[in-house]
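In the numbering used here, the protein residues as written are 23 to 443.
Note that the Cβ used here is the ideal one computed from N, Cα and C, for glycine as well.
Data block below; observations after.
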């Protein structure tokens, strides 16, 4: 292929990639946004993913005066909406059974793990009085709230335990929810009820729980019902790509994973750390998106590989590599350590992937400085390979040099030997 043609095709491919990402996350409704509405994955979600619903309607944006809550339903049940400081209205929901399973994983790790990994907080039944939460959630099958301070001991539950009616008075306390880390702040203007519906601010963000297969979300705006349909099923179109076909010695290896199921928190960039040798491990939020310790260093570093199937992962959720004689693992800003530890065991063959932006479903192993956690050694021989496998798809990382040519425009100009253009 001629260099000019190759360059043009490359530019077109890059432009198409960015346009595709932009289009993939655009809602088709005027006022209703649902985080799992994503044509790249055919509007699928799965497992314990938390879904964000937003109503952005100029008729309901007033934050200084009391206004009515937008009428939003999920499969015909009321989905309670809470007004944020920007005037938009927010709700979070998840599958009842999967939220309990995810939370049980943290409960099994003990009290020292609270607030890490897939912790949903604490659970209250749908019969919990509005005097406790500030408003009623009677049409849900229960809720997860981020704090338990002030609640009567034994009235709230964790994990797979049967929900009970929470009692007491919320007073804050330690934040235990780790699956909604960056929610919009609730409207606490003193001239209106908190969030316009009276929700206790210590119950925010609250996750409403339902049993469902597929999901229909409706915003019943007068004269203009807006609908989003989601499929709760195995995630399609999961992929992994490398940034080039062969790598010179000393090169950085940039890997991108497209998997919306890794997007557990729709409000923040998720981080996943994989131990890639025969001792396979998958850790959710070992680090924050900026590389600070989260679960790393203690009981909150929880291996979820034994639970992937029960959380409705298929072949995704685990990553392995064969380094061969050419690849090395490195640190970067997103993964500043060469190993992670749960306080007892140390895992030193790790690769961390961080979401490119909240709710993108696109994860990469390199930081904003273009430094990767995978590299080719400085003395790597040509023609050797390493491999990386995700979702039962393997990619070869081949060492070798490549050539390029540059064509200078010299039309109408002639040069004598020894002169320069």
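Between which two residues does the alpha helix (DSSP H) containing residue i stretch?
{"i": "residue 468", "result": "A question about residue 468 goes unanswered here, because the residues of the chain that appear run from 23 up to 443."}
{"i": "residue 275", "result": "Counting along the chain, residue 275 falls outside any alpha helix (DSSP H), and DSSP gives it neither H nor E."}
{"i": "residue 155", "result": "152-155"}
Please classify residue i as buried or exposed, where buried requires at least 16 neighbouring CB atoms within 10 angstroms.
{"i": "residue 76", "result": "buried"}
{"i": "residue 157", "result": "buried"}
{"i": "residue 251", "result": "exposed"}
{"i": "residue 316", "result": "buried"}
{"i": "residue 227", "result": "buried"}
{"i": "residue 392", "result": "exposed"}
{"i": "residue 103", "result": "buried"}
{"i": "residue 147", "result": "buried"}
{"i": "residue 238", "result": "exposed"}
{"i": "residue 288", "result": "buried"}
{"i": "residue 246", "result": "exposed"}
{"i": "residue 69", "result": "buried"}
{"i": "residue 57", "result": "buried"}
{"i": "residue 120", "result": "buried"}
{"i": "residue 98", "result": "exposed"}
{"i": "residue 374", "result": "buried"}
{"i": "residue 44", "result": "Since pLDDT at residue 44 reaches only 35, below the 50 mark, its modelled position is unreliable, and no value is offered."}
{"i": "residue 408", "result": "buried"}
{"i": "residue 216", "result": "buried"}
{"i": "residue 176", "result": "exposed"}
{"i": "residue 339", "result": "buried"}
{"i": "residue 133", "result": "exposed"}
{"i": "residue 449", "result": "As shown, the chain starts at 23 and ends at 443. That puts residue 449 outside it, with no answer to give."}
I believe residue i touches residue j by the beta-carbon criterion, under 8 Å. Please report the beta-carbon distance rounded to the nearest angstrom.
{"i": "residue 90", "j": "residue 206", "result": "The pair is not a contact, with the Cβ atoms about 19 Å apart (cut-off 8 Å)."}
{"i": "residue 94", "j": "residue 113", "result": "7 Å"}
Assuming residue i is part of the beta strand (DSSP E), what are its boundary residues?
{"i": "residue 72", "result": "Here residue 72 belongs to no beta strand (DSSP E), and DSSP marks it neither H nor E."}
{"i": "residue 385", "result": "384-386"}
{"i": "residue 262", "result": "261-264"}
{"i": "residue 421", "result": "415-421"}
{"i": "residue 146", "result": "144-146"}
Are three or more beta carbon pairs between the segment 74-83 and the segment 53-61 nearer than 8 Å? yes
Unbroken beta strand (DSSP E) runs of length 3 or more, entirely within the segment 195-257: which are they? 229-232, 237-243 and 246-254
Unbroken beta strand (DSSP E) runs of length 3 or more, entirely within the segment 339-374: which are they? 341-344 and 349-351
Touching or not, the segment 332-342 and the segment 383-400, by the rule of three or more beta carbon pairs under 8 Å? no
Would you say the segment 367-384 touches the segment 295-304, given that touching needs at least three Cβ pairs under 8 Å? yes
Determine contact between the segment 265-274 and the segment 184-191, defined as no fewer than three beta-carbon pairs at a distance below 8 Å. no
Looking at C-beta atoms only, is the number of pairs between the segment 195-211 and the segment 154-172 that lie closer than 8 Å three or more? yes
Any 3 or more C-beta pairs closer than 8 Å across the segment 305-320 and the segment 258-269: no
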